[in-house]
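A quick write-up on the structure given underneath.
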Amino acid sequence: MKVRKFAVADASFERSPGQDGDIFAGNVIDQRHGGPITIGFGRYAPNQNLDEKLAVDDVMLVLEGKLSVSSAAGTVTAGPGEIIYMPKGEKVTIRSHEQGAVTAYVTYPHWQEAHE
0 MKVRKFAVAD
10 ASFERSPGQD
20 GDIFAGNVID
30 QRHGGPITIG
40 FGRYAPNQNL
50 DEKLAVDDVM
60 LVLEGKLSVS
70 SAAGTVTAGP
80 GEIIYMPKGE
90 KVTIRSHEQG
100 AVTAYVTYPH
110 WQEAHE
């Protein structure tokens, strides 16, 4: 694999697995590219909720808007330039606020393989 750069426009967004809300993920690097991690962008419409038991370690960097992640340990909220780490096995609720959100994410291992 070589050094590469990506923008949100490079992502092909698809609805997140197992949900019917306005939440979309677009991988730009994943198992098809031979690397050990998945990298992509997320797009959340306003006031959406996603309940998930994490099958992978997941890191989200908020680029636009605001997200809150609730777990048994409490709730954290992040805005532009802030990072949320969600460990594998954690049960979380990810909530977008009134302005929605755009994120960049990194997962280990590949989230698509973990959801199959």
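Quick note: the sequence shown, position 67, residue 66 per numbering that gives the first Met the number 0, numbers continuous.
Glycine included, each C-beta is placed from N, C-alpha and C at the ideal position.
- Cα atoms of GLU51 and VAL91: separation of roughly 5 Å, rounded to the nearest angstrom.
- Our two residues, PRO79 and GLN30, have alpha carbons roughly 28 Å apart in a direct line.
- Ranking GLY41, ALA72 and ALA100 by CA distance to the CA of ASP9 puts GLY41 first.
- In this structure, the straight-line span from the alpha carbon of MET59 to that of GLY25 is close to 13 Å.
- Going by C-alpha positions, ILE22 is about 15 Å away from LEU62.
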